[in-house]
């Protein structure tokens, strides 16, 4: 269907003349999911959160999928490119870290809970510009006119607020894939690899699993006789409203509900202009002070982490960039997210005329900031040291507009609801830290706990 018709504008509105309040947007986005079962890729921050981070301030909401591609081990790059580009319509979806293992020839016997990747195109697509407050709805000719009118009514008279997270839904204590002792032993093993010259930097992660309480549902659609069926999307919107970050994503894949709250841009391509914003260097804090900025920026360890990854990113994107176009525009900038200071750089380049944004992504995937360097050898070591599958974690969420325009995140601060082999519902999330030669094992463990704290805090209280 999407190959026959192209999108046409259905309607557009201004949300408060550009001064969009996060609380009201959360209520509107909650409506998109609970009434229309939407997928959402929410990139950027509102005006009130602008100091947090610079990113593309565009939210994409997909409603009523017309076609989808679930990536299998035998799915080729050309098949993914054909799905994303041939119809001329926009695509939302993800590629998992495990897909990156396959593409780089690294064998893994670990069990995955999610497909290697999942892409969709839609009958209705909504774009919200957080900078201007402009909302535009586009639809295929086949879209139901009554459904479009209902959607327009929601957009023009959105709810003022909504109760997004039931207070009574308390999850179990998180069960980590590695205990503190095991994680510290893993760090020591990585340091030995570094001393032996096998790797220069490696990101070691742990997964955390929580049992979902019986009064918490991952069903999305609300009905008049069942008002407690919005818990999973309520959690997502509670996080988006209270823990701003540059890249949020809400996506259903088979029976899983995925929540991504990432602060990191992997690759953004705007009409051929490439941007990557790798993050390395972290200081967690209870109370902010200006001295922490200097401490992070002048730390030899944190600076070395970031500089190594910036060099890796430059190399990763250069294959598909015009000669001489790759530059580091900003280095060691700092932003705040989740009671942490994090350091990042901005790398830019110009896409070659003969390359597409997906060619660029495939050859740079997965992002170097969550592997380490050199990439192939380091990923092989990670696969041996981590007892869990990363699955989607450290992969990427994507919005693909056309062959020269794309936005993608690094899927960190990400989790999903699934059922285990006995049918018990679980929520699984992850955290990790970058290790270099002067890493202190105990401090690296504390960093992973700080990065995992957001999910634990919200779900355990």
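Residue numbers (the working numbering): 872 to 1332. Note that CB positions come from ideal geometry on N, CA and C, so glycine has one too.
Residue burial classification, residue i (beta-carbon count within 10 angstroms, cutoff 16)
{"i": "residue 1159", "result": "exposed"}
{"i": "residue 1161", "result": "exposed"}
{"i": "residue 1292", "result": "exposed"}
{"i": "residue 1224", "result": "exposed"}
{"i": "residue 1288", "result": "buried"}
{"i": "residue 1325", "result": "buried"}
{"i": "residue 1213", "result": "buried"}
{"i": "residue 866", "result": "For the chain, the structure presents residues 872 to 1332; residue 866 sits outside this window and is missing."}
{"i": "residue 948", "result": "exposed"}
{"i": "residue 1208", "result": "buried"}
{"i": "residue 879", "result": "exposed"}
{"i": "residue 953", "result": "exposed"}
{"i": "residue 1283", "result": "buried"}
{"i": "residue 1194", "result": "exposed"}
{"i": "residue 1185", "result": "buried"}
{"i": "residue 1017", "result": "exposed"}
{"i": "residue 1187", "result": "buried"}
{"i": "residue 1308", "result": "exposed"}
{"i": "residue 901", "result": "buried"}
{"i": "residue 990", "result": "buried"}
{"i": "residue 1085", "result": "exposed"}
Pairwise C-alpha distance: residue j and residue i
{"i": "residue 1113", "j": "residue 1238", "result": "27 Å"}
{"i": "residue 1020", "j": "residue 1014", "result": "11 Å"}
{"i": "residue 1229", "j": "residue 955", "result": "9 Å"}
{"i": "residue 1011", "j": "residue 1130", "result": "28 Å"}
{"i": "residue 1111", "j": "residue 1067", "result": "43 Å"}
{"i": "residue 1272", "j": "residue 1168", "result": "36 Å"}
{"i": "residue 1054", "j": "residue 1306", "result": "12 Å"}
{"i": "residue 1057", "j": "residue 1310", "result": "12 Å"}
{"i": "residue 1148", "j": "residue 1135", "result": "7 Å"}
{"i": "residue 1116", "j": "residue 1132", "result": "6 Å"}
{"i": "residue 872", "j": "residue 937", "result": "Summary for residue 872: the model assigns pLDDT 39, below 50, so the residue's position carries little reliability; its value from the coordinates is reported in the next sentence. Those two C-alpha atoms are separated by around 6 Å."}
{"i": "residue 1027", "j": "residue 995", "result": "17 Å"}
{"i": "residue 1177", "j": "residue 1235", "result": "17 Å"}
{"i": "residue 1296", "j": "residue 1256", "result": "27 Å"}
{"i": "residue 1261", "j": "residue 1173", "result": "24 Å"}
{"i": "residue 1171", "j": "residue 1123", "result": "42 Å"}
{"i": "residue 1071", "j": "residue 1286", "result": "28 Å"}
Three-way DSSP call (helix, strand, coil) for residue i in this model
{"i": "residue 1329", "result": "helix"}
{"i": "residue 1024", "result": "helix"}
{"i": "residue 1072", "result": "strand"}
{"i": "residue 1317", "result": "helix"}
{"i": "residue 922", "result": "Note on residue 922: pLDDT 44, under 50, position unreliable in the model; the coordinate value appears next. Residue 922 falls in the helix class under three-state DSSP."}
{"i": "residue 1064", "result": "helix"}
{"i": "residue 1275", "result": "coil"}
{"i": "residue 910", "result": "strand"}
{"i": "residue 1270", "result": "strand"}
{"i": "residue 1107", "result": "helix"}
{"i": "residue 1249", "result": "helix"}
{"i": "residue 845", "result": "Given a span of 872 to 1332 for the chain in the structure shown, any question on residue 845 remains unanswerable."}
{"i": "residue 1054", "result": "helix"}
{"i": "residue 1284", "result": "coil"}
{"i": "residue 1049", "result": "coil"}
{"i": "residue 1179", "result": "helix"}
{"i": "residue 903", "result": "helix"}
{"i": "residue 1166", "result": "helix"}
{"i": "residue 1127", "result": "strand"}
{"i": "residue 1261", "result": "coil"}
{"i": "residue 1306", "result": "strand"}
{"i": "residue 1291", "result": "coil"}
{"i": "residue 1007", "result": "strand"}
{"i": "residue 881", "result": "strand"}
Neighbourhood of residue i by C-beta, 6 Å cutoff - its chain only, sequence neighbours within 5 removed
{"i": "residue 1278", "result": "914, 927, 1139, 1270"}
{"i": "residue 1259", "result": "1048, 1078"}
{"i": "residue 1189", "result": "1197"}
{"i": "residue 997", "result": "932, 1008"}
{"i": "residue 1313", "result": "none"}
{"i": "residue 1226", "result": "1191"}
Sequence-distant residues of the same chain with beta carbon closer than 7 Å to residue i, five excluded per side
{"i": "residue 1107", "result": "1121, 1130"}
{"i": "residue 1200", "result": "1217, 1219"}
{"i": "residue 977", "result": "1250, 1251, 1254"}
{"i": "residue 909", "result": "903, 932, 933, 934"}
{"i": "residue 897", "result": "1035, 1108, 1111, 1112"}
8 Å Cβ shell around residue i - same chain, five flanking residues per side excluded
{"i": "residue 1164", "result": "1205, 1212"}
{"i": "residue 944", "result": "973, 987"}
{"i": "residue 1073", "result": "1061, 1064, 1065, 1242, 1243, 1249, 1252, 1253, 1305, 1306"}
Problem - Whole alpha helix (DSSP H) elements within the segment 1181 to 1247, 4-residue minimum - result: 1228 to 1235
Exercise for the section: Go through the segment 936 to 1002 residue by residue and report every complete run of the alpha helix (DSSP H) that reaches 4 residues or more, in order. Expected result: 948 to 956, 968 to 974
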